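>
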Ligand code: 8YV
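In my numbering, the protein residues as written are 40 to 357.
1. Tell me where the beta strand (DSSP E) around residue 244 begins and ends.
2. Which residues, in chain order, sit with a beta-carbon under 5 Å away from any heavy atom of ligand 1?
3. Quick check: residue 196 and residue 216, are their CB atoms within less than 8 Å of each other?
4. Label residue 26 either buried or exposed according to how many other C-beta atoms from any shown protein chain fall within 10 Å of its C-beta, with 16 as the threshold for buried.
5. Go through its chain and collect everything with a Cβ distance to residue 91's Cβ below 8 Å, but skip five positions before and after it.
6. Taking 8 Å as the cut-off, decide whether the C-beta atoms of residue 321 and residue 305 are in contact.
7. Let me check understanding here. Comparing Cα to Cα, which of 190, 198, 235, 158 lies closest to residue 180?
8. Near residue 314, which residues of its chain fall below 8 Å by C-beta distance, leaving aside the five closest residues on each side in sequence?
9. Can you check the segment 161-223 for any beta strand (DSSP E) of at least 3 residues that lies completely inside it and give the ranges in chain order?
10. Around the Cβ of residue 249, are there at least 16 other Cβ atoms within 10 angstroms (buried) or fewer (exposed)?
11. How about residue 293 and residue 268: do their beta carbons lie closer than 8 Å?
12. Smallest Cα separation from residue 340: which of 257, 131, 126, 119?
13. Take residue 146 as the anchor and find which of 94, 252, 312, 299 has the nearest alpha-carbon.
14. In angstroms, rounded to a whole number, what distance separates the CA positions of residue 153 and residue 229?
15. Which ranges does the alpha helix (DSSP H) cover as unbroken runs of at least 4 residues, wholly within the segment 240-307, from first to last along the chain?
16. When you compare each of 141, 345, 353, 295 to residue 106 by their alpha carbons, which one comes out closest?
17. Across which residues does DSSP place residue 64 in a beta bridge pair?
18. Please check the pair residue 342 and residue 44, which I expect to be a contact at CB under 8 Å, by giving their CB distance rounded to whole angstroms.
19. Pick out the complete alpha helix (DSSP H) segments inside the segment 68-123, 4 residues or longer, and give them in chain order.
20. Quick one: what's residue 133 bridged to in DSSP?
21. By the DSSP assignment, the alpha helix (DSSP H) with residue 342 in it spans what residues?
22. What's the gap between the Cα of residue 237 and the Cα of residue 303?
23. How would you label residue 240, buried or exposed, when you count the other beta carbons within 10 angstroms and need 16 or more for buried?
24. Alpha carbon to alpha carbon, how far is residue 108 from residue 126? Give it in angstroms, no decimals.
25. Label residue 104 either buried or exposed according to how many other C-beta atoms from any shown protein chain fall within 10 Å of its C-beta, with 16 as the threshold for buried.
Spelled out as structure tokens, the structure:
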């Protein structure tokens, strides 16, 4: 009998799905309309879980899975997983560590260039036919802001933060960062206070884990970033006090934002839809074929190792 694996979120790579289907009886929880009934029916047989970084798994769900051995997170963030309870139960929780670093850093820089250069605004101007209608082309569009050389402040110098720093450096940007403590093997300037980092930066890029960091970007930090500053978030929506951000953007108290993540995905504050100083993405920083394939391989390996009674190589709990 194949082990049963509960899927809390989909895997988008067909070859990975084919192998998962060969090896396991997959229970697609995320597709069910009556999730409680589905758990009641299958929960007692489930030995593995596949989830996404944003979705995670709650204690309430784990409690209904008495035979659970491994939770394979198809992502790096584990802030939505009840890690303490998983540890208590001896459940392996794995993450796709290192697999998505480059993509997330690429998107962070992409969002920053997009918002400061007004790529979305320019694109809409062309698509809407305004450029061809205009008697004096380009005049109606305001000049953009240069990215190269911008002072970049990174919040959280982990794998993604470092990859962002490398890229920003290649654009001639002086890089500063804040983290729990200074990191000795990097050439970037450590700034202990988040507010001071915001004051000294033209762009603040969020690359921190969200565990215990809810709402650290609030009105005070946004005002420190100031009317010429940009905020980029490729980490977690909950790092930001979203109403404060919406106010700061609507009132022009910061210059703009590039956002891949939100507090209550897939719900995005509607006020943002009409703002030209915001670039919005539907949590897609790791969504390339190459990266999702690498992530899927780690999910496969983690399930196989965990269900064979071994400690998975990417386990964070055991
Ligand atoms: C993924 C993420 O989009 O890695 C994470 O923690 O949130 C994202 O990169 C997500 O996990 C896909 O399932």
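Don't be surprised by glycine CBs; every beta carbon is placed ideally from N, CA and C. Quantities reported herein were computed from a predicted structural model and do not represent experimental measurements.
Short version:
1. 242-245
2. 91, 92, 93, 113, 114, 115, 116, 325
3. yes
4. The requested residue 26 does not occur in the structure, where the chain is confined to residues 40 to 357.
5. 47, 48, 112, 113, 114
6. yes
7. 158
8. 288, 289
9. 191-194, 214-217
10. buried
11. yes
12. 131
13. 299
14. 27 Å
15. 258-264, 281-289
16. 345
17. 43
18. 7 Å
19. 74-81, 98-101
20. 111, 354
21. 328-346
22. 25 Å
23. buried
24. 11 Å
25. buried
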